[in-house]
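Trainee:
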Amino acid sequence: MRTPTGGAGHGAAAAAERLAAGERLMSIGTVLGQLRDEFPEVTISKIRFLEAEGLVEPRRTPSGYRKFSAADVERLAQVLRMQRDHYLPLKVIREHLDAVARGEQVQLPAQGPQREPSAGPWEGAAWEAPGERRTAARVGRAELLAAARVSEEELADWESYGLLTRDSDGGYDAEAVTVARLVADLGRFGLEPRHLRAMKAAAEREAGLIEQVVAPLRRHRNPQTRAHAEATAKELATLSVRLHAALVQTVLGVRLS
């Protein structure tokens, strides 16, 4: 778990003062009910995730239950607004709120699309940080071959195993460049496309889970909620990748020890 920063404004002394003053603290269920009027997509898991990322630091009862102050609820609302309205990564949101808590006069940072830090025929593709949406971008077959530095035969082999898929226009998603490069890199260690089918199947299962979570948001009447579905999907994908990497490292550590 990330160690919460001091800017969260929940130091031990401040907490003691608020408790001494008889401040009313709320359970996570009560907080969820207050936030859902403005953020119908928020869940208890989301609140716990924001706590783990250092965005809020609720107090704990002796038995371990979370207790939130009114200031905690307002901070959570600020985080959710910046995610929904500006598609800002959590790191940027945390730094902004911590600066405000220190009394600094700061403006809400602008968040624009980021490009992949490399040159090539796919240069026009817009890449996003976690929490952003990405503009649609496609690459042609010749561009993909040049970017990944592979042959027609290799690309055809990868397609036969479902590692890369062309759309109806014969092009590829911009992410195909990254996939092709990684498949080529793994091939240098003797891993063939047939060995990678399990990875593709696992990715499809993870994508299915994410789609189940964001599907209600995409069907929501509120256009801001529908737009937030893409940011939520991106955040879930990032967490899924991190979990997958951690699990692989854990299993390897056990087997190689």
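Under UniProt numbering, the first residue of the sequence shown carries the number 1, and numbering increases by one thereafter.
Backbone N, C-alpha and C fix where the C-beta goes; we use that ideal spot for every residue, glycine too.
Check whether the Cβ atoms of ARG84 and GLN224 sit closer than 7 Å, and answer yes or no.
Mentor: Taking 7 Å as the Cβ cut-off, ARG84 and GLN224 qualify as a contacting pair.
Trainee: In the DSSP output, which residue or residues are listed as bridge partners for TYR172?
Mentor: VAL139
Trainee: Please report the straight-line C-alpha distance between PHE189 and VAL179, rounded to a whole angstrom.
Mentor: Distance between the alpha carbons of PHE189 and VAL179 is about 16 Å.
Trainee: Counting C-beta neighbours from all protein chains within 10 Å, is the total for LYS46 16 or more, i.e. buried, or is it exposed?
Mentor: buried
Trainee: Given a cut-off of 7 Å, decide if ALA148 and LEU164 are closer than it, judged by their beta-carbon atoms.
Mentor: no
Trainee: When DSSP builds the beta bridges, which residues end up paired with PHE39?
Mentor: Paired residue(s): none; PHE39 is not in a bridge.
Trainee: List the DSSP bridge partners of ARG66.
Mentor: ARG60
Trainee: Mind reading off the beta-carbon distance from VAL214 to ALA227? Whole number of angstroms is fine, and I expect it under 8 Å.
Mentor: Not a contact, Cβ separation roughly 11 Å.
Trainee: Pull up the DSSP beta-bridge partners for MET26, would you.
Mentor: According to the DSSP secondary-structure assignment, MET26 is paired through a beta bridge with PHE68.
Trainee: For the candidate residues PHE49, LEU50, LEU35, MET82, whose alpha-carbon lies nearest to that of ALA70?
Mentor: LEU35
Trainee: Could you tell me the distance, in whole angstroms, from the CA atom of GLU104 to the CA atom of ILE28?
Mentor: 30 Å
Trainee: Evaluate ARG255 with the Cβ neighbour count: other Cβ atoms within 10 Å of its Cβ, from every protein chain shown; 16 or more gives buried, anything less gives exposed.
Mentor: exposed
Trainee: Quick one: Cα of ARG218 to Cα of ALA229, how far?
Mentor: Rounded to whole angstroms, the separation of the alpha carbons of ALA229 and ARG218 is 6 Å.
Trainee: What span of residues does the alpha helix (DSSP H) with SER240 cover, start to end?
Mentor: 223 to 256
Trainee: What separation, rounded to the nearest whole angstrom, lies between the Cα atoms of MET82 and ARG141?
Mentor: 38 Å
Trainee: Work out the CA separation of GLU235 and GLU159 for me, nearest whole Å.
Mentor: C-alpha separation (whole angstroms): 28 Å.
Trainee: Please report the distance separating the alpha-carbon of LEU252 from that of MET199.
Mentor: In this structure, the alpha-carbon of LEU252 lies about 16 Å from that of MET199.
Trainee: Please name the residue in HIS244, LEU247, VAL248, ASN222 whose C-alpha comes closest to that of PHE39.
Mentor: ASN222
Trainee: Roughly how many angstroms lie between the CA atoms of TYR172 and ARG166, to the nearest whole one?
Mentor: 5 Å
Trainee: Can you tell me whether ARG197 is helix, strand or coil according to DSSP?
Mentor: helix
Trainee: Give the single residue among ALA246, HIS244, THR250, LEU239 whose Cα lies nearest to the Cα of residue 258.
Mentor: Since the first residue shown for the chain is 1 and the last is 257, residue 258 is missing from the structure and cannot be characterised.
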